[in-house]
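Following: one structure in structure tokens, then a few remarks.
Numbering (the working numbering), first residue to last: 154 to 735.
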């Protein structure tokens, strides 16, 4: 058995290392896990192709202030995350690496701050425990290897929380206090919710009201200057953006300004138009799965955590802040699982003191062991069903490919992952259940981000559809698309035209008809589910399946004789965007 006394004593030996050595060892281990598979895959929908394409256009055009998506202004998010991808693309020339680097580095910084803060508040063992708990949560690892904005926002939020907690609970440090507010500003111009660490003042002020002797040297009138620092950082982007928009003076530029300042902030929070979920969505669907096993561990450590809430104001403030953040996002009708990611490091920090000092309840070990066994058996079973072409699995894979060999290869991957969980359960039977889970999760992640990425890559990009279109279109021919998605621009080796992301299908239809009438050797990609009034699809060439759609290629032979003119002529052409594909 692998569960030798040496392995069982390994955590204790690691915790006894000098602080700097332990920190670097943790970061080195995390880097292996987080950077695993980087460069093996392209940007995948839903969000990654959008941000990668915007960053690519920044580098190609030299215009970084106003983000452009396929030549059209992109108003949904401030540009900081896209700047980071663009910087690494400019630096490396490799988009497959550049689009993942910002979040990978931010996640390492988050881990380092969690370790350092836990060490300063309690001890080295607690700091290391908090960092390892954070790595246990699937949402942290998933976002560390995805090009979505949330991991970067979570990092800026963690820096701000670190500064405030260090100022109020470690020792007074006005430098860290104002650094915290500066990073709140950076968080705001990254995604808008960077102000979340300011919610820490609610439990801090409650503690002050309960005991006026607390925070004597830290909670002073000088604190009121913090928001000014935050606003100064926001102004560093806001003022140049407004000046640039006013200089352009176009309707599109003015709409960009109004959209990003008003529609994408307060209006999106209070009256969201997408991702509508009930108020309990995070509590019922997101936290139990994507933060697992931390919620289960909280229940298993309920008594030690209650004691900490009474005797440790740091734990009280951190847990109260987690509750406030989850409540804040729960009040908005629009919800996505990634929104609550910034609260995850604080939860890991809240649980670490109890876990490092006491064992969880007796039921926790058997429960984790049962789940370990169940997950391994489920993965093996699904793998076997994939090998045997279970109709439901075949139907699911058909949304992405018509090649049955892809399902069989995915079955082999799942079977292997299941074996990892089952073998680790047997080999480490005498180890603690949480440790076994950690080992199995890390090994599974390494397999998924190498072998799994290779399997999924052709299923998660539209390259097959575009390659078929490029084969049919003559050299120099242009490709257009109705109801486009950013990945089609990003992967196109031909000039690519779209008809505005903000247009209705009817207006895109009319603009596409006009474009094809005026542009020789032009071809149009459309999903076969669309009913078009200006084109006929009779005899149209089927060019493949991607992203749960079947696509057709239309030529000028499919133009109807007449078509209603569009309300306004809108077309945006990107010259050979797929040159990054080498």
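Heads up, the beta-carbon is just placed ideally off N, CA and C, and yes, glycines get one too.
The structure displayed is predicted, hence computed values, not measured ones.
How far does the alpha helix (DSSP H) with residue i in it extend, from its first residue to its last?
{"i": "residue 603", "result": "Careful: residue 603 lies outside any alpha helix (DSSP H) and carries neither H nor E."}
{"i": "residue 400", "result": "379-401"}
{"i": "residue 259", "result": "254-274"}
{"i": "residue 320", "result": "Looking at the DSSP string, residue 320 is not in any alpha helix (DSSP H), and its letter there is neither H nor E."}
{"i": "residue 405", "result": "404-411"}
{"i": "residue 564", "result": "557-580"}
{"i": "residue 211", "result": "201-214"}
{"i": "residue 280", "result": "277-289"}
{"i": "residue 442", "result": "440-443"}
{"i": "residue 460", "result": "455-464"}
{"i": "residue 251", "result": "248-251"}
{"i": "residue 498", "result": "497-510"}
Enumerate in chain order the residues of its own chain whose CB-to-CB distance from residue i is below 7 Å, with the five nearest sequence positions on each side excluded.
{"i": "residue 499", "result": "314, 471, 474 and 475"}
{"i": "residue 698", "result": "553, 554 and 555"}
{"i": "residue 683", "result": "635, 636 and 658"}
{"i": "residue 647", "result": "623, 626, 630, 631, 632 and 729"}
{"i": "residue 605", "result": "566"}
{"i": "residue 535", "result": "567"}
Let's test the definition: count the other Cβ atoms within 10 Å of the Cβ of residue i and tell me whether it reaches 16, buried, or not, exposed.
{"i": "residue 154", "result": "Note on residue 154: pLDDT 46, under 50, position unreliable in the model; the coordinate value appears next. Exposed, by the Cβ-count rule."}
{"i": "residue 399", "result": "exposed"}
{"i": "residue 724", "result": "buried"}
{"i": "residue 515", "result": "exposed"}
{"i": "residue 467", "result": "buried"}
{"i": "residue 246", "result": "exposed"}
{"i": "residue 640", "result": "buried"}
{"i": "residue 511", "result": "exposed"}
{"i": "residue 370", "result": "exposed"}
{"i": "residue 216", "result": "exposed"}
{"i": "residue 733", "result": "buried"}
{"i": "residue 203", "result": "buried"}
{"i": "residue 230", "result": "buried"}
{"i": "residue 344", "result": "buried"}
{"i": "residue 695", "result": "exposed"}
{"i": "residue 169", "result": "exposed"}
Helix, strand or coil for residue i? Go by DSSP, reduced to three states.
{"i": "residue 335", "result": "helix"}
{"i": "residue 689", "result": "coil"}
{"i": "residue 734", "result": "coil"}
{"i": "residue 711", "result": "helix"}
{"i": "residue 302", "result": "coil"}
{"i": "residue 428", "result": "coil"}
{"i": "residue 706", "result": "strand"}
{"i": "residue 529", "result": "helix"}
{"i": "residue 222", "result": "strand"}
{"i": "residue 345", "result": "coil"}
{"i": "residue 487", "result": "strand"}
{"i": "residue 173", "result": "helix"}
{"i": "residue 664", "result": "helix"}
{"i": "residue 683", "result": "coil"}
{"i": "residue 551", "result": "coil"}
{"i": "residue 363", "result": "helix"}
{"i": "residue 617", "result": "helix"}
{"i": "residue 522", "result": "helix"}
{"i": "residue 598", "result": "helix"}
In terms of residues, what are the limits of the beta strand (DSSP E) holding residue i?
{"i": "residue 694", "result": "694-699"}
{"i": "residue 675", "result": "675-680"}
{"i": "residue 726", "result": "725-727"}
{"i": "residue 632", "result": "631-634"}
{"i": "residue 649", "result": "649-651"}
Note down, in chain order, each residue of its chain lying with its Cβ closer than 6 Å to the Cβ of residue i, except the 5 sequence neighbours on either side.
{"i": "residue 192", "result": "249 and 250"}
{"i": "residue 329", "result": "316, 319 and 320"}
{"i": "residue 233", "result": "342 and 343"}
{"i": "residue 412", "result": "228"}
{"i": "residue 239", "result": "208, 211 and 212"}
{"i": "residue 275", "result": "506"}
Quick check: is the beta carbon of residue i nearer than 8 Å to any beta carbon in chain C?
{"i": "residue 524", "result": "Although the question refers to chain C, the structure presented lacks it and comprises just one protein chain."}
In chain order, what residues of the same chain lie with their CB nearer than 8 Å to the CB of residue i, ignoring the 5 residues before and after it?
{"i": "residue 547", "result": "557 and 560"}
{"i": "residue 588", "result": "164 and 581"}
{"i": "residue 495", "result": "303, 306, 307, 310, 311, 346, 349 and 478"}
{"i": "residue 187", "result": "257, 260, 261, 294, 297 and 298"}
**Request:** Indicate whether the contact test is met: 3 or more Cβ pairs, each with one atom in the segment 556-569 and one in the segment 599-607, closer than 8 Å.
**Result:** yes
**Prompt:** With contact counted as at least three CB pairs below 8 Å, one residue from each stretch, are the segment 704-712 and the segment 682-696 in contact?
**Reply:** yes
**Message:** Measuring CB atoms only, is the segment 204-211 touching the segment 719-735, in the sense that at least three cross pairs come out at less than 8 Å?
**Reply:** yes
**Prompt:** Are at least three pairs of beta-carbons, each pair with one atom in the segment 297-306 and one in the segment 249-269, less than 8 Å apart?
**Reply:** yes
**Prompt:** Okay, do the segment 631-639 and the segment 663-676 touch, 3+ Cβ pairs below 8 Å being the bar?
**Reply:** yes
**Asked** Contact between the segment 360-377 and the segment 388-407: three or more CB pairs below 8 Å?
**Response** no
**Prompt:** Taking one C-beta from the segment 427-439 and one from the segment 488-497 each time, how about it: are there three or more such pairs within less than 8 Å?
**Reply:** yes
**Prompt:** With contact counted as at least three CB pairs below 8 Å, one residue from each stretch, are the segment 262-274 and the segment 167-183 in contact?
**Reply:** yes
**Three-pair Cβ contact test at 8 Å for the segment 372-386 versus the segment 332-339** = yes
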